[in-house]
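*Asks:* Attaching a single structure in structure tokens format; questions to follow.
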Amino acid sequence: MGACMALCSLASCASCLCGSAPCLLCGCCPSSRNSTVTRLVFSFFLLLGTLVSVIMILPGMEAQLQKIPGFCQGASTIPGMENQFNCDVIVGYKSVYRMCFAMTCFFFLFSAIMVRVQSSKDPRAAIQNGFWFFKFLILVGITVGAFFIPDGTFHTVWFYFGVVGSFIFIVIQLILLIDFAHSWNKIWVGNAEEGNSKCWFAGLLSFTFLHYALAFTSVVLFYIYYTQPNGCTEHKVFISLNLIFSVIISIVSILPKVQEAQPQSGLLQASLISLYTMYVTWSAMTNNPNRKCNPSLLSLVSNVSSSEPTPTSAPGQVQWWDAQSIVGLVIFLFCTLYASIRSSSNTQVNKLMQTEEGGSYGGEGEVGEDDVRRAVDNEEEGVSYSYSFFHFHLCLASLYIMMTLTNWYQPDTTTQAMQSSMPAVWVKISSSWLGLGLYLWTLLAPLMFPDRDFS
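The C-terminal residue of the sequence shown carries number 1115 in our numbering, and the numbering is unbroken.
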């Protein structure tokens, strides 16, 4: 890869900033498709904003900024440079809210512009697949403007936008996991039929067992640490219902009639969905403001009392790097990358994600006049994914990142602090139920509508 990048001169890459997506590769990766490269670059914008948010929420950032002469309000010793920036706005949860607000507006803008683009022949497709330098300037401009938004009720209002958007994004994450599990199962079963069947089937069985083992272990730990004999009724209901639902989808996935209508369905998919459901359940319970039902991870590991002050007790400080937030970021990164490169053959998932069947408009790299193979424009006959929906997906991802980095805590307008809230609990739990319902639909739809093609 290093040798590949070395072939690209600075001049050619600079000219690519205003060109199309294939040009971004500078002819170095000929097997790439225009649609894939574009999605990867937009995802890079999202990840870049996420990285900035993570940096600005790190502890001690405000103290470091105070050391810069003339940067923060009241810290300047240089005449004419007083009161330049309000540093408590560009660090902590306020910076995360503003950064994610900028990314949300950026992707929503492109989602609106790209409505009903049918092929790369549409003039708007050139905007989608090119002009990257100007897109970056637009994102930077919106970000700078976001930091001048007055506090007021902005954080409270944007919190509820984040809750709704994150609810939808969690469901989308589960759809992507369903698609990944279907593709995983299809590839490994196909390899088993073509070659060493024992090896591939052993791999499928091992991962299925691992997923179920982790899910069952999670349930046991949830009952031990997140419930009380005479309390925490909500947690008992959440854990029990999601355990029952996971058992139901596992049984349905291997029913003879379902297997006949959906040969690719199996326990691998059900086990992965069950494990993800348990993660969402855990994530929901960690947002319960009742500390007796929501012990801190530190207290579980080192027997430290959960009643001790936490970093969230100070205004503007949020400890986002707890276990469930880190797991959430890992799943987010995986789903974002997968959404950028996915090429699915699952009809139902493609309908839900508004994408075409994988390989419909595929192609190899084309040879240009300079005899250099470049990425092919694989969307001349039709787009391989909905431009508008893809940007809407990234728009929701920006809101999800905002909620994850702030632990889904609700801003308190009176104390300027962050606190847990029950709305976040119900949003996560209800999204897990909706996701399980969607997976169950992918299993039962071929039986309910036998005349339709659900191959």
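Glycine residues also receive a C-beta, built at the ideal position from the N, C-alpha and C atoms.
If I measure Cβ to Cβ from S973 and keep anything under 6 angstroms in the same chain, skipping five residues before and after, which residues do I get?
*Replies:* Only weak support exists for where S973 lies, its pLDDT of 40 falling under 50; the coordinates are left without a value.
*Asks:* Hey, quick one: how far does the alpha helix (DSSP H) through W860 stretch, first residue to last?
*Replies:* Counting along the chain, the alpha helix (DSSP H) containing W860 begins and ends at 857-885.
*Asks:* Do the CB positions of A999 and L836 come within less than 8 angstroms of each other?
*Replies:* Against a cut-off of 8 angstroms, the Cβ pair of L836 and A999 comes out as a contact.
*Asks:* Would you kindly work out how many angstroms separate the C-alpha atoms of K1088 and F905, rounded to a whole number?
*Replies:* If you take the alpha carbons of K1088 and F905, they lie about 16 angstroms apart.
*Asks:* Would you mind stating whether T941 and N890 have Cβ atoms separated by less than 8 angstroms?
*Replies:* No, these two residues do not count as a Cβ contact at 8 angstroms.
*Asks:* Taking the Cβ atom as the reference point for each residue, do Y1060 and V987 lie within a distance shorter than 8 angstroms?
*Replies:* Going by C-beta atoms, Y1060 is not nearer than 8 angstroms to V987.
*Asks:* Per DSSP, what kind of secondary structure is Y1045 in: helix, strand or coil?
*Replies:* DSSP places Y1045 in strand when its eight states are reduced to three.
*Asks:* Over what stretch of residues does the alpha helix (DSSP H) that includes K917 continue unbroken?
*Replies:* K917 -> alpha helix (DSSP H) spans 916-921.
*Asks:* Using the three-state DSSP reduction, which class does Q1070 fall into: helix, strand or coil?
*Replies:* Strand, per DSSP.
*Asks:* Nearest to Y872 by alpha carbon, out of N856, I909, T893?
*Replies:* Checking every option, the nearest Cα to that of Y872 belongs to I909.
*Asks:* How far does the alpha helix (DSSP H) with Q984 in it reach, from first residue to last?
*Replies:* Q984 -> alpha helix (DSSP H) spans 983-1001.
*Asks:* Please state the DSSP three-state secondary structure of E1024.
*Replies:* Reliability fails at E1024, whose pLDDT of 48 lies under 50, so the model's placement of it is uncertain and the value that follows must be treated cautiously. It is coil, neither helix nor strand.
*Asks:* On the criterion of 16 or more Cβ atoms from any shown chain inside 10 Å, does F869 qualify as buried, or is it exposed?
*Replies:* So F869 counts as exposed.
*Asks:* From L797 to E920, what does the alpha carbon distance come to, in whole angstroms?
*Replies:* One C-alpha to the other measures close to 53 angstroms.
*Asks:* Should the stretch 1061-1070 be regarded as contacting the stretch 792-808, the criterion being three or more beta carbon pairs within less than 8 angstroms?
*Replies:* Touching, no, given that fewer than three Cβ pairs across the two stretches are closer than 8 angstroms.
*Asks:* For Q888, is the classification buried or exposed, using 16 other Cβ atoms within 10 angstroms of its Cβ as the cut-off for buried?
*Replies:* With fewer than 16 Cβ atoms within 10 Å of its Cβ, Q888 is classed as exposed.
*Asks:* Name the two residues that bound the continuous alpha helix (DSSP H) containing C765.
*Replies:* Residues 752-773.
*Asks:* Given a threshold of 16 other Cβ atoms within 10 Å of its Cβ, counted over all protein chains shown, does G1097 qualify as buried or as exposed?
*Replies:* Under this definition G1097 is an exposed residue.
*Asks:* Are the stretch 810-822 and the stretch 752-767 touching, with three or more C-beta to C-beta distances below 8 angstroms?
*Replies:* Because the criterion of three Cβ pairs below 8 angstroms is met, the stretch 810-822 and the stretch 752-767 touch.
*Asks:* Name, in chain order, the residues that DSSP records as bridge partners for G812.
*Replies:* DSSP lists no partner for G812.
*Asks:* How long is the line joining the alpha carbons of K917 and P923, rounded to whole angstroms?
*Replies:* The alpha-carbon atoms of K917 and P923 are separated by roughly 10 angstroms.
*Asks:* Closer than 6 angstroms by C-beta to S713: which residues in its own chain qualify, once you throw out the five before and the five after it? Chain order, please.
*Replies:* Cβ within range, chain order: V756, M759, L1065.
*Asks:* For the candidate residues F808, F827, L928, C765, whose alpha-carbon lies nearest to that of W848?
*Replies:* Per the Cα distances, L928.
*Asks:* Are the CB atoms of I914 and G926 nearer to each other than 8 angstroms?
*Replies:* Result yes, Cβ atoms of I914 and G926 sit closer than 8 angstroms.
*Asks:* Give every residue of the same chain whose Cβ lies closer than 6 angstroms to the Cβ of I611, excluding the five residues on either side of it in the sequence, and list them in chain order.
*Replies:* The structure shown does not extend to residue 611, since the chain is modelled only from 661 through 1115, so no value can be given for it.
*Asks:* Give the straight-line distance between the Cα atoms of S985 and F876, rounded to the nearest whole angstrom.
*Replies:* Roughly 21 angstroms between the two C-alpha positions.
*Asks:* On the DSSP letters alone, give me the boundaries of the alpha helix (DSSP H) that F781 sits inside.
*Replies:* In the sequence on display, residue 781 carries Lys and not Phe. First-last for K781: undefined, no H or E at that position.
*Asks:* Could you name the residues of the same chain whose beta carbon sits closer than 8 angstroms to that of L711, not counting the 5 residues immediately before and after it, in chain order?
*Replies:* Taken in chain order, the list of residues that qualify is empty.
*Asks:* According to DSSP, is Q888 helix, strand or coil?
*Replies:* If DSSP states are grouped into helix, strand and coil, Q888 belongs with the strands.
*Asks:* Out of Q1070, W1101, P1110, which one is the CA nearest neighbour of F814?
*Replies:* Here the closest residue by C-alpha is Q1070.
*Asks:* Would you be able to state if there are at least three C-beta pairs under 8 angstroms between the stretch 1046-1053 and the stretch 766-781?
*Replies:* As far as the Cβ criterion goes, the stretch 766-781 touches the stretch 1046-1053, which means the pair count is three or higher.
*Asks:* Check this for me: beta carbons of I839 and R699, under 8 angstroms apart or not?
*Replies:* Rather than Ile, the amino acid found at residue 839 in this sequence is Asp. No. Outside cutoff.
*Asks:* Are the beta-carbon atoms belonging to L706 and S943 less than 8 angstroms from one another?
*Replies:* Taking 8 angstroms as the Cβ cut-off, L706 and S943 do not qualify as a contacting pair.
*Asks:* Starting from the Cα of M1062, find the closest Cα among G790, W844, C892, G825 and give me that residue.
*Replies:* Among G790, W844, C892, G825, the Cα nearest to that of M1062 is on G825.
*Asks:* Would DSSP call V777 helix, strand or coil?
*Replies:* V777: coil per DSSP, three-state reduction.
*Asks:* Less than 8 angstroms between the beta carbons of L932 and G1095, yes or no?
*Replies:* Going by C-beta atoms, L932 is not nearer than 8 angstroms to G1095.
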